[in-house]
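Scroll down for the structure; my scribbles are underneath it.
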Amino acid sequence: FAPWADPNAKPFISFRNVTKRFGDFTAVDNLSLDIFTREFFALLGGSGCGKSTLLRMLAGFEQPTSGEITLDGQSLAGIPPYRRPVNMMFQSYALFPHMTVEKNIAFGLKQDGMPKTEIAERVAQMLKLVKLESFAGRKPHQLSGGQRQRVALARSLAKRPKVLLLDEPLGALDKKLREETQFELMDLQYELGLTFVVVTHDQEEAMTMSDRIAVMSQGRVIQVATPAEIYEAPNSRFVAEFIGDVNMMEGRVALENGHSVLKTEDGVSVPLPEPLAEGREVALAVRPEKLKVSRAAPPEGANLYAVRGEIWDIAYFGDMTVFHVKLPSGKIVKASSLNATRGVEDPFGYDEQIWVSFEPQAGVVLKG
Ligand code: ATP
Numbered sequence: 011f012a013p014w015a016d017p018n019a020k021p022f023i024s025f026r027n028v029t030k031r032f033g034d035f036t037a038v039d040n041l042s043l044d045i046f047t048r049e050f051f052a053l054l055g056g057s058g059c060g061k062s063t064l065l066r067m068l069a070g071f072e073q074p075t076s077g078e079i080t081l082d083g084q085s086l087a088g089i090p091p092y093r094r095p096v097n098m099m100f101q102s103y104a105l106f107p108h109m110t111v112e113k114n115i116a117f118g119l120k121q122d123g124m125p126k127t128e129i130a131e132r133v134a135q136m137l138k139l140v141k142l143e144s145f146a147g148r149k150p151h152q153l154s155g156g157q158r159q160r161v162a163l164a165r166s167l168a169k170r171p172k173v174l175l176l177d178e179p180l181g182a183l184d185k186k187l188r189e190e191t192q193f194e195l196m197d198l199q200y201e202l203g204l205t206f207v208v209v210t211h212d213q214e215e216a217m218t219m220s221d222r223i224a225v226m227s228q229g230r231v232i233q234v235a236t237p238a239e240i241y242e243a244p245n246s247r248f249v250a251e252f253i254g255d256v257n258m259m260e261g262r263v264a265l266e267n268g269h270s271v272l273k274t275e276d277g278v279s280v281p282l283p284e285p286l287a288e289g290r291e292v293a294l295a296v297r298p299e300k301l302k303v304s305r306a307a308p309p310e311g312a313n314l315y316a317v318r319g320e321i322w323d324i325a326y327f328g329d330m331t332v333f334h335v336k337l338p339s340g341k342i343v344k345a346s347s348l349n350a351t352r353g354v355e356d357p358f359g360y361d362e363q364i365w366v367s368f369e370p371q372a373g374v375v376l377k378g
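Laid out in structure tokens, this is it:
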């Protein structure tokens, strides 16, 4: 499933040069973005980056100051929220406290004037979908956080929208329940063949659930890609640092044997994939799992870039261990290794002198 990779595929939702200003504050800044049908799409970014505003404009609760949003090729300009084939599930769930689960789910259908028997049928269907058949008669305060979340989901799906917008859908759940619910959401989205656009500030959540992620900052999209691309090939320092842990090997471009190399603070020369101006500041972003810690120096000809270091800190996480290693420059890098695959080497000790090495293609070169 990768419609975005097909140049002939038509986007389902398109933001075209969309700007949203509140007074003289620009919340969304000339943003363009395509989302495809049946995609699970995440808008990810820190507080205030404009992700909720983007969602609210799609739902019709806010109007763009300029630019256009289209759905299935049709402009949404001037179309009120209730006439858009889009439904929104809010973080607070906004359930009616005095109504039973059943009534909460039926509410929107009743307002639309759907016949009673049809409503009953649809509500039963929804209760089954979110596995709450036996909770139909309860009120929200008699439910757990996860159950309330499912009622909210059922209610937003009852009208069978083509697109479901979810604003921090799992924000109110504890870690364990959140993880379980992530999978439920993914299954549900897949089964129903819907397009989901979810707003989150939780990168793990975005990585786990989505087909693609738009990483946002200050009203702009910095990168749109699959979770793996975002992690493996961030296009900027911002994305590299926002998603997961990263070591920034800072340095300058130097010329060695006619080829551009990155000369790091610790004197390691790493070949650059393209020629760059000498003296230019660049960084190599290397994820902790790409850094290898060893007692012995890497063998000659292993094509590894290696530097001496000292074990500074050790954090044991059960499945893996993260070593904080101090390099000669004083820089501290993180190297993680899975405990199951670390092999026979004794665990390293604090202050131990070790080697840190990485493969030439382990990092991503970031300019500027
Ligand atoms: P959070 O995760 O904190 O909800 P967000 O990325 O969803 O953040 P938005 O809610 O889209 O951020 O808000 C983006 C910016 O626009 C914020 O600085 C916010 O203060 C501002 N903003 C949003 N709505 C309004 C409004 N109605 N009037 C004035 N400023 C607003």
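Per the UniProt record's numbering: the sequence shown ends with 378, consecutive numbering throughout.
Backbone N, C-alpha and C fix where the C-beta goes; we use that ideal spot for every residue, glycine too.
Next item on the list: Starting from the Cα of E266, find the closest Cα among E260, D276, A250, P285 and give me that residue.
Entry: Nearest option by C-alpha distance: P285.
Note to self: So for R94, helix, strand or coil by DSSP?
What the structure shows: The DSSP-derived three-state label of R94 is coil.
Check: Hey, is S57 close to ligand 1, as in C-beta under 7 Å from one of its heavy atoms?
Finding: yes
Notebook entry, point to check: If you drop the 5 nearest sequence neighbours on each side, which residues of the same chain put their C-beta closer than 6 Å to that of M98?
Noted result: Correct list, in chain order: A69, L175.
Next item on the list: Whole angstroms is fine: what's the gap from A12's alpha carbon to I364's?
Entry: 43 Å
Check: Under the criterion of a Cβ to heavy atom distance below 7 Å, does G60 qualify as lining ligand 1?
Finding: yes
Checklist line | D44 - containing beta strand (DSSP E), residue span | finding: 35 to 45
Next item on the list: With a threshold of 7 Å, establish whether the CB of T75 neighbours any heavy atom of ligand 1.
Entry: no
Margin query: In the DSSP output, which residue or residues are listed as bridge partners for A224?
Written below: L53, V234
Note to self: Tell me whether F71, by its Cβ, gets closer than 7 Å to a heavy atom of ligand 1.
What the structure shows: no
Note to self: Quick check on this structure: which residue in A312, F25, A235, P21 has the alpha carbon closest to the alpha carbon of F46?
What the structure shows: P21
Notebook entry, point to check: Which residue comes first and which comes last in the beta strand (DSSP E) that contains R31?
Noted result: 23 to 32
Check: Looking only at DSSP bridge pairs, what is A15 linked to?
Finding: Bridge partners of A15: none, in fact.
Next item on the list: Could you say if the segment 160 to 172 and the segment 99 to 118 meet the contact criterion of at least three C-beta pairs nearer than 8 Å?
Entry: yes
Note to self: Run through the DSSP bridge pairs and tell me what residue 6 is partnered with.
What the structure shows: No statement about residue 6 is possible, as the shown extent of the chain runs from 11 to 378 and does not include it.
Notebook entry, point to check: Would the beta-carbon of H211 be found less than 7 Å away from any heavy atom of ligand 1?
Noted result: yes
Margin query: Only counting the same chain, and skipping five residues up and downstream in sequence, which positions put a Cβ closer than 8 Å to that of F106?
Written below: K113, N114, F117, P150
Check: What span of residues does the alpha helix (DSSP H) with A116 cover, start to end?
Finding: Looking at the DSSP string, the run of the alpha helix (DSSP H) that includes A116 is 111 to 121.
Margin query: Quick check: S220 and F25, are their CB atoms within less than 8 Å of each other?
Written below: no
Notebook entry, point to check: What span of residues does the beta strand (DSSP E) with L174 cover, start to end?
Noted result: Segment 173 to 177, the beta strand (DSSP E) holding L174.
Notebook entry, point to check: What are the start and end residues of the alpha helix (DSSP H) that includes V249?
Noted result: 247 to 252
Notebook entry, point to check: With which residues is R318 paired in a DSSP beta bridge?
Noted result: W365
Margin query: Taking a contact to mean a Cβ-Cβ separation below 8 Å, would you say R222 touches V234 in this structure?
Written below: yes
Checklist line | Endpoints, beta strand (DSSP E) assigned at S154 | finding: No beta strand (DSSP E) contains S154, which DSSP labels as neither H nor E.
Check: Does the segment 270 to 287 touch the segment 324 to 343, meaning 3 or more C-beta pairs lie closer than 8 Å?
Finding: yes
Notebook entry, point to check: Who are the Cβ neighbours of K172 in its own chain at under 6 Å, not counting the five residues just before and after it?
Noted result: Taking C-beta separations shorter than 6 Å and ignoring five residues to either side along the sequence, the partners of K172 in its chain run P95, following chain order.
Checklist line | Boundaries of the alpha helix (DSSP H) in which K138 is found, first to last residue | finding: 126 to 139
Next item on the list: To the nearest angstrom, report how far apart P179 and E362 are at their CA atoms.
Entry: 45 Å
Next item on the list: Output the boundary residues of the alpha helix (DSSP H) element that contains L282.
Entry: Careful: L282 lies outside any alpha helix (DSSP H) and carries neither H nor E.
Note to self: Within 8 Å of any Cβ in chain C, is that where the Cβ of L337 sits?
What the structure shows: This model lacks chain C altogether; it includes just one protein chain.
Item checked: Reference E78, options P91, Y103, L41, closest by Cα -> L41
Checklist line | Identity of the residues DSSP links to D323 by a beta bridge | finding: For D323, which the question treats as bridged, DSSP gives the partners H334.
Check: Does the segment 314 to 326 come close enough to the segment 365 to 376 that 3 or more CB-CB pairs lie under 8 Å?
Finding: yes
Item checked: CA nearest to the CA of A182, picked from S347, A295, A104, A19 -> Nearest C-alpha to A182: A104.
Notebook entry, point to check: If we ignore side chains and look at the alpha-carbon of each, how far apart do M330 and F358 end up?
Noted result: 14 Å
Next item on the list: Using three-state DSSP, classify R48 as helix, strand or coil.
Entry: coil
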